[in-house]
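To start, the structure itself, in structure tokens.
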Amino acid sequence: MNSFAQVTLSGKVIDAENGLPVRGANVRLEQTTIGCATNAKGEFTLSNVKEGEQVLRVSCLNYAPLSRKISGSNSNLVLKLKNAYINLDQVVVTGTGTHHKLKDTPVPIEVMSAADIKKAGITDFQTAMTMLQPSLSFSTNAMGSYLMMNGLSNKYVLILVNGKKLTGDTSNNIDLSQINMNNVKRIEVLKGAASALYGSDAIAGVINIITDNPKNLITVTSNTKIEERGQFTQGVNVDVNTGKFGSFTSYTRQQSDSWKLNSYDEDGNLTDKLPVNAFYSDVINQKFTYSPTAALSMYAEGGYYDRMTKRPVSAYTYNMKYDAYNLGAGAKYLLGNSSYLSLDLTKNNYVSYYKYLKESGNFKEGDESMTKKQNYYNANLKGVFKHSDAFKSIVGLEYVTDELKRPDASVDESVYTAAAFWQEEINILKNLQAIVGLRYSHHETAGNSFTPKASLMYSLGDFNFRASYAAGFRAPGLDELYYYTFKTKTITAGSSELKPEKSHYGSLNVEYVHNRFTASVNAYVNSIEDMISSKTTALSSMPADQQAAILEKATAVFGATEIKNLKNYKEYKNFDKALVKGFDANLNAALGYGFMLGGGYSFA
1 MNSFAQVTLS GKVIDAENGL PVRGANVRLE QTTIGCATNA KGEFTLSNVK
51 EGEQVLRVSC LNYAPLSRKI SGSNSNLVLK LKNAYINLDQ VVVTGTGTHH
101 KLKDTPVPIE VMSAADIKKA GITDFQTAMT MLQPSLSFST NAMGSYLMMN
151 GLSNKYVLIL VNGKKLTGDT SNNIDLSQIN MNNVKRIEVL KGAASALYGS
201 DAIAGVINII TDNPKNLITV TSNTKIEERG QFTQGVNVDV NTGKFGSFTS
251 YTRQQSDSWK LNSYDEDGNL TDKLPVNAFY SDVINQKFTY SPTAALSMYA
301 EGGYYDRMTK RPVSAYTYNM KYDAYNLGAG AKYLLGNSSY LSLDLTKNNY
351 VSYYKYLKES GNFKEGDESM TKKQNYYNAN LKGVFKHSDA FKSIVGLEYV
401 TDELKRPDAS VDESVYTAAA FWQEEINILK NLQAIVGLRY SHHETAGNSF
451 TPKASLMYSL GDFNFRASYA AGFRAPGLDE LYYYTFKTKT ITAGSSELKP
501 EKSHYGSLNV EYVHNRFTAS VNAYVNSIED MISSKTTALS SMPADQQAAI
551 LEKATAVFGA TEIKNLKNYK EYKNFDKALV KGFDANLNAA LGYGFMLGGG
601 YSFA
């Protein structure tokens, strides 16, 4: 038999304590795309396996992962999984961009697994994050829910799905309700600046939502949630896995009635406006995977999201609507020895409209008027190279283009960013790890920037001690650069003279880890320079020549009739430094008999 001969592996996965079969365990060969899920009897079969020594890895919810070296053909493997009271062997990727066990990652990461989500009966992203991170706060507006992390808003938090940026409108306001929780494998949260690895926007932190791939031949699931005030959520998933080919299809519908506590606004005046408007939204996602060889895997995916916010005719002339779609494709090639190359291509499109409820100006009831359109393109080439047990490198190139169009304000602009990044993981000693990294970025308007990072972790028994420094970078958004709109007696204008925001983040972390109890304390400081914010000034308080220039441009863009009630001028500017300091404390304990106790405290 030559080195290219193929064999078949089969066996059974059982519970180490009671000997019962474990159904749905993921069995795969490391550094290949060969894998399957166990059936109701805990049985599995892997075909087309190359002969020779390899590592078989088994993982399942509520169990500690198991790795075993194998060689040759085997038809009676018995793999015993131990119960994981607290899964310290959970593999995470967000902190370093490479795979690490949760207890061994040099950068502190918070994780919520699919098992946690299922046990808590969570159906929406906001609830999941509130349970995982007490330092997060949420707010809502007419177009969805948005978050704040450590006192910083959405635009400073990078939200990823499988490592790829989830985009929203030009203000980086991502409606979090569009995130489908039905196929989430885990959610990882990295707090603090991470621009060296992830680029612009990652100043407050990174949230990475990692989805699961289908394991069984066909799986169909459906979830329904009905609440008061007409709140309704329905999710349907259809998964197919034939071995080399996989398909994941999902659909989610959300809707709610409008409501208000009283008929008065904040000033005590009667109003027909609603604090919570009726809405509906639909999310459709499709992903295909194909693995022609054990080393090569490819994917293609797409999604569509629409939302309509319904507002009372007595208070408004239009409803708010937006549509978004995304397309993506990529490939990953395994080089062996935990090394690989990957390429990801992404396009996101976002369009917002006014849908008129009644006649207004040149618009009739039922007409739609596009208010803005945004396109986002991203190409990312990355290589991970394990040189030895002591050294692992990441190198990569990234190119991003953002486009913004506003028909009503004659805005048609785009900016590009080109970047190169490098990171080195070093195992100095068995219990001492270090990470250093650097990103160079060239932004079309903001110019060049360098963002370094450095982390150190020392392990002593069940204790981990971590220290980290990371620089952050956020280029001005398209709205901050070029936006020009008139609304509620106010002109809002961007500025092409804006400088990028830069941050310096440092943290100290102490963690105790045990399979029945974990506790951690994290202290941090985040200093942000040239913070971009808007400032509103009454026209009447401005010099006459400045007033005249503003009125001249506004009249040319919007018309004299539209701006007759113009009172204020709001513009984006760079302001002085901002300093955020705080600490987090978290603990989790397994009490036995399926009971868990967890708690957290955050101060910023």
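Take 1 as the starting number for the sequence shown in UniProt numbering and just add one per residue.
The beta-carbon is built from N, C-alpha and C at its ideal position, and this holds for glycine as well.
Treat the numbers as computed from the prediction; the structure is a model and nothing was measured.
- By the C-beta criterion, the segment 507–523 is judged not to be in contact with the segment 437–444, since fewer than 3 inter-stretch pairs fall below 8 Å.
- In the DSSP annotation of this structure, the continuous segment of the alpha helix (DSSP H) that includes residue 555 starts and ends at 544–558.
- At the C-beta level, residue 422 and residue 400 stay beyond 7 Å of one another.
- Pairing residue 411 with residue 495, the inter-Cα distance amounts to about 13 Å.
- Residue range 232–241 is occupied by the beta strand (DSSP E) that includes residue 239.
- Residue environment for residue 321: buried (at least 16 other C-beta atoms within 10 angstroms of its C-beta).
- Counting along the chain, the unbroken beta strand (DSSP E) around residue 278 starts and ends at 278–290.
- Under the three-state reduction of DSSP output, residue 41 falls in the coil class, being neither helix nor strand.
- When the beta-carbon positions are compared, residue 160 and residue 208 come within less than 7 Å of each other.
- Here residue 387 is exposed: its Cβ has fewer than 16 other Cβ atoms, across all protein chains shown, within 10 Å.
- Shown here for residue 287: same chain residues with a beta carbon closer than 6 Å to its own, the five before and five after excluded, namely 248 and 301 in chain order.
- In the DSSP assignment, residue 324 falls within the beta strand (DSSP E) that extends over 318–336.
- Non-local beta-carbon contacts of residue 550 in its own chain, meaning distances under 6 Å to residues more than five positions away in sequence, involve 569 in chain order.
- Contact annotation: the segment 514–533 touches the segment 568–587, with at least three C-beta pairs closer than 8 Å.
- Note on geometry: alpha-carbon atoms of residue 543 and residue 503 lie some 35 Å from one another.
- With respect to the 7 Å criterion, residue 241 and residue 182 are not classified as neighbours on the basis of their beta carbons.
- Residue 154 sits in a helix when the DSSP states are folded into three classes.
- Per the C-alpha coordinates, the member of 600, 575, 574 and 573 positioned closest to residue 585 is 600.
- Taking a 10 Å sphere around the C-beta of residue 54, we find 16 or more other C-beta atoms and assign the residue as buried.
- According to the DSSP assignment, residue 480 belongs to the alpha helix (DSSP H) that extends over 478–482.
- The C-beta distance from residue 258 to residue 277 rounds to 5 Å, short enough to meet the 8 Å contact threshold.
- In the displayed model, residue 596 falls within a strand according to three-state DSSP.
- Of 337, 436 and 488, the smallest CA-CA separation from residue 562 is found for 488.
- Scanning its chain for C-beta atoms nearer than 8 Å, with the 5 sequence neighbours on each side dropped, one finds around residue 22 the residues 13, 14, 15, 38, 42, 60, 63 and 81, in chain order.
- With a minimum length of 3 residues, the unbroken runs of beta strand (DSSP E) contained wholly in the segment 167–237 fall at 184–191, 205–211 and 218–226.
- Inside the segment 403–472, DSSP marks whole beta strand (DSSP E) runs of 3 or more residues at positions 411–429, 432–443 and 447–460, from first to last along the chain.
- Taking 7 Å as the cut-off, the Cβ atoms of residue 28 and residue 113 do not count as close.
- The beta carbon of residue 204 sits closer than 7 Å to the beta carbons of 149, 150, 152, 156 and 157 from its chain, once the five residues preceding and following it are set aside; these are given in chain order.
- Per DSSP, the unbroken alpha helix (DSSP H) holding residue 119 starts and ends at 114–120.
- Taking the Cβ atoms as the reference, residue 333 lies roughly 29 Å from residue 349, outside the contact range of under 8 Å.
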